[in-house]
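Asks:
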Amino acid sequence: MKRAIVVGSGPSGSTVARLLARSGKYHVIVLEKGRNYFTGLGTKRVGNLFANDEIGWESRRSPIRQDPFLEPRSFRTSPGAGKRTYVGDVNNLPTAVGGGTIHYDAKARRFREVDFITNTLFGGTPDKPAIPGTSYADWAMEYRHIEPFYAVMEEIVGVQGPAKRVGRRVVNPNPYESWRSTPYAMPPGVAQLNSLLPAEAANRLGYHSAPVPTAVNSRPYRGRPACVDCGFCLSYGCPSNAKGGGVWQLQDALRTGRAELRSEVNVIRVEHAKARGKYRATGVTYMTPDGKKHTEKADLVILANSPIEAARLSFVSGIGNAHPNEKSIKKAQPVDTDPSGMLGRNLMFHLQTIVLSLRSAETSTW
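This is the structure we're talking about:
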């Protein structure tokens, strides 16, 4: 049986681990530098150590966060700003078994058809990006190519939403979403007042409100309970295990008997060698809490420890161009270990949206 190493136990790493372990062709080792706050992973009874503790998770440093003192990140506004503008907590992600899906509020929207061709829609071409000075481009695939994978993952993770099957058709009350081949795995849960009020206001203004697809159980699903609406989702681990995320794909992988989890181990190098004119990963070296180094060989190595950490780990392993010529930073600068010259480039962060509603004192209405 072949061996695979997955670095990171978040949604990407756990999903790949699940796929490889269930194929029967690989023994999978999942390496996670964070702590494991779950009990009984790989068994029928999975618990956790989470609590709705506002003091511990909000006022103090969250126990699942990366420590900015032990592992600081740096940021700068431009190459001309020097080596660093700021050092510390920069776009931190949770460092724990389950990754970022431990603390997220589980919104599970799909990209729309237009999202895959925005460069073309904005007037760009493959040779002339719509945003000058960038490598902005359309996706290599269209929505119709990835839609079946959305459908499968919504079943695996457990996503609730308003689209349902009526006869042979899938009917979706949200006109802003693209077509779907399947309904959601679960119907929407009970709406909260802070959702009902702005939804009613939006409907009065002629908009079409609909429940947001969410990876939280609205009813018992795949051995996990329904959400109890405690309100502690964003920034918190779910005490009842109703929140979907990477850890449940990892649970599926562990249940096969062909996967193992090693937490609190920090991968410090990707081992690689050149064969037949190309480089390939041969394993990883990691450190345990006692400071000892261990090297694991593998036929397949997957870096799923976030775009920032995967790029950093690659650079310190001698993969890619860690020191490009910043006078020509807009141009790709390929090297033997990265023929594209794109490793560590083009990272984008999503926009966090906030909606505020105000009550009118004159009419006493919202």
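Read in order, the letters of the sequence shown correspond to residues 109 to 474 in this note's numbering.
Glycine included, each C-beta is placed from N, C-alpha and C at the ideal position.
Because the structure is a prediction, the values reported are computed rather than measured.
Tell me the DSSP secondary structure of Trp474 in three-state form.
Replies: Here residue 474 refers to the residue found at position 366 when the sequence shown is read from its first residue. Bear in mind that a pLDDT of 48 at Trp474, under 50, signals an unreliable position, so the model cannot answer this.
Asks: From the DSSP output, which residues share a beta bridge with Thr147?
Replies: Numbered from 1 along the sequence shown, position 39 holds the residue referred to as residue 147. DSSP lists Gly155 as partners of Thr147.
Asks: So, is Trp474 buried or exposed, given that buried needs 16 or more other C-beta atoms within 10 angstroms?
Replies: Counting from 1 along the sequence shown, the entry for residue 474 is found at position 366. Note that Trp474 scores a pLDDT of 48, beneath 50, so its modelled location is shaky and nothing firm can be said.
Asks: Gly353 and Thr209: beta carbons closer than 8 Å?
Replies: Numbered from its first residue, the sequence shown carries residue 353 at position 245. Numbered from its first residue, the sequence shown carries residue 209 at position 101. Going by C-beta atoms, Gly353 is nearer than 8 Å to Thr209.
Asks: Comparing alpha-carbon positions, which option in Ser131, Thr151 and Ile239 lies nearest Val355?
Replies: Within the sequence shown, the letter at position 247 stands for residue 355. If we check each option's Cα against that of Val355, Thr151 comes out closest.
Asks: Cα-Cα, which of Pro295, Gly231 and Ala245 is closest to Glu262?
Replies: Stepping through the sequence shown from its first residue, residue 262 is reached at position 154. For Glu262, the nearest C-alpha among the options comes from Pro295.
Asks: Does the Cβ-Cβ distance between Ala204 and Gly142 come in under 8 Å?
Replies: For this step, residue 204 is matched to residue 96 along the sequence shown. For this step, residue 142 is matched to residue 34 along the sequence shown. For Ala204 and Gly142, yes; Cβs fall inside 8 Å.
Asks: Which runs of the beta strand (DSSP E) at least 3 residues long sit entirely within the region 303–371? Give them in chain order.
Replies: Runs found: 367–371.
Asks: Determine the contact status of Val324 and Ala350, defining contact as a CB-CB distance below 8 Å.
Replies: Indexing the sequence shown from 1 puts residue 324 at position 216. Indexing the sequence shown from 1 puts residue 350 at position 242. The answer is yes: Cβ separation under 8 Å.
Asks: Where does Gly116 fall in DSSP's three states?
Replies: For this step, residue 116 is matched to residue 8 along the sequence shown. Coil, per DSSP.
Asks: From what residue to what residue does the alpha helix (DSSP H) around Leu421 run?
Replies: Within the sequence shown, numbered from 1, the residue matching residue 421 stands at position 313. Element bounds for Leu421: Pro415 to Val424.
Asks: In the DSSP output, what is Ala389 paired with across the bridge?
Replies: By 1-based counting over the sequence shown, the position of residue 389 is 281. The partner list for Ala389 (beta bridge, DSSP) reads His380.
Asks: Below 8 Å on the Cβ atoms is my contact criterion, and I expect Arg164 with Gly155 to pass it. Report the Cβ-Cβ distance as a whole number of Å.
Replies: Residue 164 sits at position 56 when you count from the first residue of the sequence shown. Residue 155 sits at position 47 when you count from the first residue of the sequence shown. According to the sequence shown, residue 164 is Gly rather than Arg. That pair is no contact at about 18 Å.
Asks: Alpha carbon to alpha carbon, how far is Asn227 from Pro333? Give it in angstroms, no decimals.
Replies: Working through the sequence shown from its first residue, we reach residue 333 at position 225. Working through the sequence shown from its first residue, we reach residue 227 at position 119. Roughly 42 Å between the two C-alpha positions.
Asks: Which residues in the same chain as Arg173 place their Cβ atom closer than 7 Å to its Cβ, once the five residues preceding and following it in sequence are excluded?
Replies: Translated into the one-based positions of the sequence shown, residue 173 becomes position 65. The answer, listed in chain order, is Asn200, Pro202 and Thr203.
Asks: In three-state DSSP terms, what is Asp444?
Replies: The residue given as residue 444 occupies position 336 in the sequence shown. Correct three-state label for Asp444: coil.
Asks: Among Thr461, Ile462 and Phe457, which one has its Cα closest to the Cα of Val198?
Replies: Counted from its first residue, the sequence shown places residue 198 at position 90. Comparing Cα positions, the closest option is Phe457.
Asks: Of all the options Pro171, Ile264, Arg453 and Lys435, which has the alpha carbon lying nearest to the alpha carbon of Asn144?
Replies: In the sequence shown, residue 144 corresponds to position 36, counting from 1. When only C-alpha atoms are compared, the closest one is Pro171.
Asks: DSSP puts Thr123 in a beta bridge; with which residues?
Replies: Position 15 of the sequence shown, counted from the start, is the residue given in the question as residue 123. Paired residues: none, contrary to the question.
Asks: Using the DSSP secondary-structure output, state which residues sit across from Met395 in a beta bridge.
Replies: Numbered from 1 along the sequence shown, position 287 holds the residue referred to as residue 395. In DSSP, Met395 forms a bridge with Asn374 and Lys401.
Asks: In terms of residue numbering, what span does the alpha helix (DSSP H) encompassing Leu139 cover?
Replies: Translated into positions along the sequence shown, residue 139 becomes position 31. Per DSSP, Leu139 belongs to no alpha helix (DSSP H); it is in the beta strand (DSSP E), Tyr134 to Glu140.
Asks: What are the boundary residues of the beta strand (DSSP E) that includes Phe183?
Replies: Counted from its first residue, the sequence shown places residue 183 at position 75. Unbroken beta strand (DSSP E) run through Phe183: Arg181 to Phe183.
Asks: Going straight from the alpha carbon of Ser348 to that of Val274, what length do you get?
Replies: Taking the sequence shown and counting its residues from 1, one reaches residue 348 at position 240. Taking the sequence shown and counting its residues from 1, one reaches residue 274 at position 166. Going from the Cα of Ser348 to the Cα of Val274 covers about 32 Å.
Asks: Under 8 Å Cβ to Cβ from Arg330, same chain only, skipping five residues before and after it: list those, please.
Replies: Here the question's residue 330 lines up with position 222 in the sequence shown. Excluding sequence neighbours, Arg330 sits near Gly266 and Trp356.
Asks: What does the Cβ neighbour count give for Cys341, buried or exposed, with the cut at 16 atoms within 10 Å?
Replies: By 1-based counting over the sequence shown, the position of residue 341 is 233. Classification for Cys341: buried.
Asks: If I follow the unbroken beta strand (DSSP E) through Leu408, where does it start and stop?
Replies: What you label residue 408 is simply residue 300 of the sequence shown in a count that begins at 1. Per DSSP, Leu408 belongs to the beta strand (DSSP E) from Leu408 to Leu411.
Asks: Take Ser436 as the anchor and find which of Asp444, Ser425, Gly449 and Gly426 has the nearest alpha-carbon.
Replies: Here residue 436 corresponds to residue number 328 of the sequence shown, with the count starting at 1. Looking at the Cα atoms, Gly449 is the closest of the given residues.
Asks: Expressed to the nearest angstrom, what Euclidean distance is found between the alpha-carbon atoms of Glu368 and Phe257?
Replies: Locating residue 368 in the sequence shown gives position 260, counting from the first residue. Locating residue 257 in the sequence shown gives position 149, counting from the first residue. Each residue's alpha carbon lies about 25 Å from the other.
Asks: With DSSP collapsed to three states, give me the class of Ser286.
Replies: The residue labelled residue 286 in the question sits at position 178 within the sequence shown. Correct three-state label for Ser286: coil.
Asks: Counting pairs of beta carbons, one from the region 365–384 and one from the region 133–142, are three or more of them closer than 8 Å?
Replies: Verdict: yes, contact present.
Asks: I think Ile264 touches Asp246, with their Cβ atoms under 8 Å apart; what is that distance to the nearest whole Å?
Replies: The sequence position of residue 264 within the sequence shown is 156, counting from 1. The sequence position of residue 246 within the sequence shown is 138, counting from 1. Not confirmed; about 28 Å, so no contact.
Asks: Assess contact between the region 418–429 and the region 374–383, defined as three or more Cβ pairs (one per stretch) separated by less than 8 Å. Is contact present?
Replies: Short answer: they touch.
Asks: Using 10 angstroms around the beta-carbon of Tyr134, count the other beta-carbons present and answer buried if the total reaches 16, otherwise exposed.
Replies: Position 26 of the sequence shown, counted from the first residue, corresponds to residue 134. With 16 or more Cβ atoms within 10 Å of its Cβ, Tyr134 is classed as buried.
Asks: Mind checking Arg168: buried by the 16 CB within 10 Å criterion, or exposed?
Replies: Within the sequence shown, numbered from 1, the residue matching residue 168 stands at position 60. Looking at its Cβ environment, which holds fewer than 16 other Cβ atoms inside 10 Å, Arg168 is exposed.
Asks: Compute the distance between the beta-carbons of Ile113 and Gly391, then report whether it is under 8 Å.
Replies: Numbered from 1 along the sequence shown, position 5 holds the residue referred to as residue 113. Numbered from 1 along the sequence shown, position 283 holds the residue referred to as residue 391. It is a contact, given that the beta carbons lie within the stated cut-off.
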